[in-house]
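Mapping to the working numbering: the sequence shown position 661 is 663, numbers consecutive.
Using N, Cα and C, we set each Cβ at its ideal position, and we do this for glycine too.
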Amino acid sequence: MTQRFPVAMLFRELRASRRRLAIYVGSIALGVAALVSINSFRENVETSIRGQARVLLGADLELRSRQPFTDSVQALLDSVAAAESPVASMTSFASMALAPRTGRTRLVDVRATSGGFPFYGTIETAPQGRWALLQEGRTAIVDSTVLVQLAVDVGDTLAIGESRFVILAALTRVPGEIGLRAAIGPRVYIPGRYVEETGLLRFGSRARFAALLKLDETALREFLDQHRESLRAADVRIDTASEREQDLTQSLALLARYLGLVGLIALLLGGIGVASAVHIYVKGKLETVAVLRCLGATQRTTFTVYLLHAALLGATGAVLGVLIGLFVQSLLPRLFAEFLPLDVQPAFAWKPVAAGIGIGVWVALVFALHPLLTVRNVAPLKALRTAYERKPRRASLAGLLTLGAVLGSVVLLSMWQAPRWPVGLGFAIGIVLTTAILWLLALFIMRATRMLLPRRAPFALRQGVSNLFRPQNQTIAVTLAVGFGVFLLATMYVVQHNLIDRLQVSSYPQRPNLFLFDIQRDQRPDVVGILQKHRVRPLDITPIVTARVASVNGQRVDALLQDSSRSRWPYTREYRHTYRDTTVASEVVVAGSWWNGRPAGPTDDPSESRISVEEDIARELDVGVGDGITWNVQGRLIETVVANIRRVDWARFETNFFVVFESGVLEDAPQSFVVLTRAPDARIRAEIQRDLVVAHPNISAFDLTLVQQTLDTVLGSVVLAIRFMALFSIGCGAVVLIGAVATSRFQRMRESVLLKTLGARARVIRQILMTEYIALGTLAALTGVALAGVAGWALTTIFFELSFRLPVLPLIGAWLIAVLVTTTVGLLGSWGVLRRPPLVVMREMAD
3 MTQRFPVAML
13 FRELRASRRR
23 LAIYVGSIAL
33 GVAALVSINS
43 FRENVETSIR
53 GQARVLLGAD
63 LELRSRQPFT
73 DSVQALLDSV
83 AAAESPVASM
93 TSFASMALAP
103 RTGRTRLVDV
113 RATSGGFPFY
123 GTIETAPQGR
133 WALLQEGRTA
143 IVDSTVLVQL
153 AVDVGDTLAI
163 GESRFVILAA
173 LTRVPGEIGL
183 RAAIGPRVYI
193 PGRYVEETGL
203 LRFGSRARFA
213 ALLKLDETAL
223 REFLDQHRES
233 LRAADVRIDT
243 ASEREQDLTQ
253 SLALLARYLG
263 LVGLIALLLG
273 GIGVASAVHI
283 YVKGKLETVA
293 VLRCLGATQR
303 TTFTVYLLHA
313 ALLGATGAVL
323 GVLIGLFVQS
333 LLPRLFAEFL
343 PLDVQPAFAW
353 KPVAAGIGIG
363 VWVALVFALH
373 PLLTVRNVAP
383 LKALRTAYER
393 KPRRASLAGL
403 LTLGAVLGSV
413 VLLSMWQAPR
423 WPVGLGFAIG
433 IVLTTAILWL
443 LALFIMRATR
453 MLLPRRAPFA
463 LRQGVSNLFR
473 PQNQTIAVTL
483 AVGFGVFLLA
493 TMYVVQHNLI
503 DRLQVSSYPQ
513 RPNLFLFDIQ
523 RDQRPDVVGI
533 LQKHRVRPLD
543 ITPIVTARVA
553 SVNGQRVDAL
563 LQDSSRSRWP
573 YTREYRHTYR
583 DTTVASEVVV
593 AGSWWNGRPA
603 GPTDDPSESR
613 ISVEEDIARE
623 LDVGVGDGIT
633 WNVQGRLIET
643 VVANIRRVDW
653 ARFETNFFVV
663 FESGVLEDAP
673 QSFVVLTRAP
683 DARIRAEIQR
693 DLVVAHPNIS
703 AFDLTLVQQT
713 LDTVLGSVVL
723 AIRFMALFSI
733 GCGAVVLIGA
743 VATSRFQRMR
753 ESVLLKTLGA
763 RARVIRQILM
773 TEYIALGTLA
783 ALTGVALAGV
793 AGWALTTIFF
803 ELSFRLPVLP
813 LIGAWLIAVL
823 VTTTVGLLGS
833 WGVLRRPPLV
843 VMREMAD
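The structure is reproduced here in structure tokens:
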């Protein structure tokens, strides 16, 4: 044997088995395509963010507050403007918009701007160029969805509060905001000088006040160094273009990495296909290897031939995957356009391509290595005595090392691709456990069917069952391919089903579907009268009182915030409290006890009012039952004691609160009201909103059925994007399944010859195959569905923190569909064998 022999033998094997090992290349190609497309897309997004950071913010610096800026902050902004640095302002609040011509109303996000916003980027309108004309009169530029929902056109009048605005144009694009933003809260831009005329910023109104500054890098750094602490003390949040860039990069990187896990699943599933293909391929080459051993080839030589074979095929699949991935990369910006706040231009990125090729070749080799070890153990006697069988060997050191390499690769790749290493580690453990369960199921099927073979059953049934454990069976390959694919898709469906189920609004009897808020005390009787006029009764009227934390257990807030490890927001935010003597359906007491007229416990003090605190905010404030909190309620200090801790189901559309007071404390405080009602008819809901806007422009109405439609649209888009990436996993599963049939084609040909020679008809052979694939598909898909139920429960209850409901009927449907697909693919893959005469098959086998 010369040194050139392994290479010559390699090309000979490639020519002889190019059809049989196409599954090998296809499995790797799809997995690599998923990784390359996602990782390249992520790099393109990060590059776009770096180039458009200022455009995303519209300025170099943004100052935000929930309250109007204090005199000191406003003086600071005036000094910046006096230094000839551009300063713009934006006041944002929710309000009802009324179209007088059509009588329709819609809750919108009003944004009153002034001062030349944005300083970077361009707000695009239709007709074009109208943004520059916004400040010239009492005009408005609105989202196109507002035009559709209110049935108005450019040039019509829009009533916002007590003022009227002429619609100047429709928004087509706002830099830094995602497309779905308009569906959730349609934007209406008006000139800032007309905010007071609307009369909407009354007591209890929620508004956001922002100042946007254009500063060069030096001036920005000096401004932050001098005023950061004083701005924080005034409850003003600071956001720079660089900080916005970092936040957005991190957020989108998390999204890309989570989607990348789907690509990793496709690659690992492709690895299973590689292992299956190589396993069957090597079995068919054992006699060839034995002949080579007789001719003087060493174990190392024969192993090198087939290792080079695996490496070359892996590299071919990786390169093909890169080409597919680059094509998919060009499609992703359009697929995710509604979720991205910036323009992403596809561009070639070397790192993802190089990583894809390297990982593809590595996975191909690692998963092929264990079945290739069989080549090292072939004895020359195999060529002389075909019936010669060596005794089963115990697990060798090389075999254990290859299995360790596979597990290590799965863990390392998962941790590299995941957004955080604990997520990657958990993902890898889940993959390994799922694969192990499916593998054990396949072994159980082979052992159980061998022991429980029905001896008196019809011939086709007995033969089909025996195919599950015969030599060169495909039980393991098909079980892994079908079970894993069903597991992935069913898990996504279970989670999606539970998320959408919790967001359903109008499907339950007497569930509120209309929220009315910002109702002043003197407006309350009139609001109830308007509802009664439309034969609708209020289901709940909830008072809301604003307050801030003054001290906790005797320690003032400013002293507590000197500890840098504390989170600032629970101490500095403005709370909205309510008062009542009973709990509601969305909450449960987890510590302490509710009052209900009874003492709160041994810590009860008549001089202190009792409150109930939500568990998360209690953890942030570091308080428990019996602790004291002093509240600043519009200038009056009120001492309270924590009577109990509540767990709140925030996913339910209820009037949920962080803090609830007992009755008799806040009744005389300045307050507004929220009214919940239900109007099943869409026309009545529209009429109620119209009458409210006409009578009380400051009152806003929230139609939850419209929110539900928006959420359905958003979730539909999210699911579409995720399913698009899941197609790689589905494709790999299909390739592995088809490959399991294709790689056992030689064995099928031999069986066909024997059965047909013995007089079996094609119908009998089809029955045998149907028995085998129905059994495999049934057990594998059932296991995948069961594992999906467990995984869906874990994701829903632990990750999303929602209650879980198992969609039994859809999962049964998924199980039956998987069985049908498995059987159909199996029969189609063996169709050519069924139609060939025995003599033709024997000649093909000889070739």
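Shortest Cα-Cα distance from residue 433 to any of 538, 464, 274 involves 274. In this structure, the CA atom of residue 559 is about 25 Å from the CA atom of residue 658. Under the three-state reduction of DSSP, residue 579 is assigned to strand.
Residue 65 and residue 238 do touch by the CB rule: their CB atoms are close to 5 Å apart, below 8 Å.
Residue environment analysis places residue 44 among the buried positions, since at least 16 neighbouring C-beta atoms fall within 10 angstroms of its C-beta. By the Cβ test, the region 114-130 is in contact with the region 52-62, since at least three Cβ pairs between them sit closer than 8 Å. Bounds of the alpha helix (DSSP H) holding residue 774 are 764-796. DSSP places residue 481 within a helical segment (H, G or I) once states are collapsed to three. Around the beta-carbon of residue 771, 16 or more other beta-carbon atoms lie within 10 Å, marking it buried. Close CB contacts of residue 824 within its chain, under the 6 Å cut and outside five residues either way in sequence, are with 484, 775, 779 (chain order). With contacts defined by Cβ atoms closer than 7 Å, residue 521 and residue 675 form a contacting pair. Membership of residue 196 in any beta strand (DSSP E) is not indicated, and neither H nor E is assigned to it by DSSP. Between residue 354 and residue 792, the C-beta gap is not smaller than 7 Å, which leaves the two residues out of contact. Under DSSP, the beta-bridge partners assigned to residue 661 are 615.
Residue pairing for residue 540: DSSP places it in a beta bridge opposite 679.
With fewer than 16 other CB atoms across the displayed protein chains lying within 10 angstroms of its CB, residue 457 is exposed. Straight-line measurement puts the Cα of residue 436 at about 51 Å from the Cα of residue 549.
The shortest CA-to-CA distance from residue 189 to any of 93, 250, 235 is the one to 93. Contact check for residue 430 against residue 478 fails: the beta carbons are separated by 7 Å or more.
Three or more pairs of CB atoms, one per stretch, sit closer than 8 Å, so the region 68-80 contacts the region 208-223. In the DSSP assignment, residue 145 is bridged to 173. For residue 701, DSSP records no beta bridge to any residue.
Bounds of the beta strand (DSSP E) holding residue 633 are 630-635. Within its own chain, the residues whose Cβ lies closer than 6 Å to the Cβ of residue 142, once the five positions on either side in sequence are excluded, are 160, 167, 169, 190, 192, listed in chain order. Just so you know, the alpha carbons of residue 404 and residue 309 end up roughly 13 Å apart.
Boundaries of the alpha helix (DSSP H) around residue 406: 399-419. In the three-state reduction of the DSSP assignment, residue 362 falls in the helix class, which pools H, G and I.
Runs of the beta strand (DSSP E) spanning 3 or more residues and lying entirely within the region 204-254 occur at 209-215, 239-242, in chain order. At least 7 Å separates the beta-carbon of residue 276 from that of residue 134. As computed with DSSP, residue 115 is found in a beta bridge with 92, 193. Taking the C-beta atoms as reference points, residue 692 is found no nearer than 7 Å to residue 515. With a beta-carbon spacing of about 19 Å, residue 610 and residue 648 fall beyond the 8 Å limit used to define contacts. Here residue 304 is near residue 291, since their CB atoms are less than 7 Å apart. Residue 106 sits in a strand when the DSSP states are folded into three classes. When DSSP states are grouped into helix, strand and coil, residue 589 belongs to the strand group. Ranked by Cα distance from residue 328, the first of 535, 89, 33 is 33.
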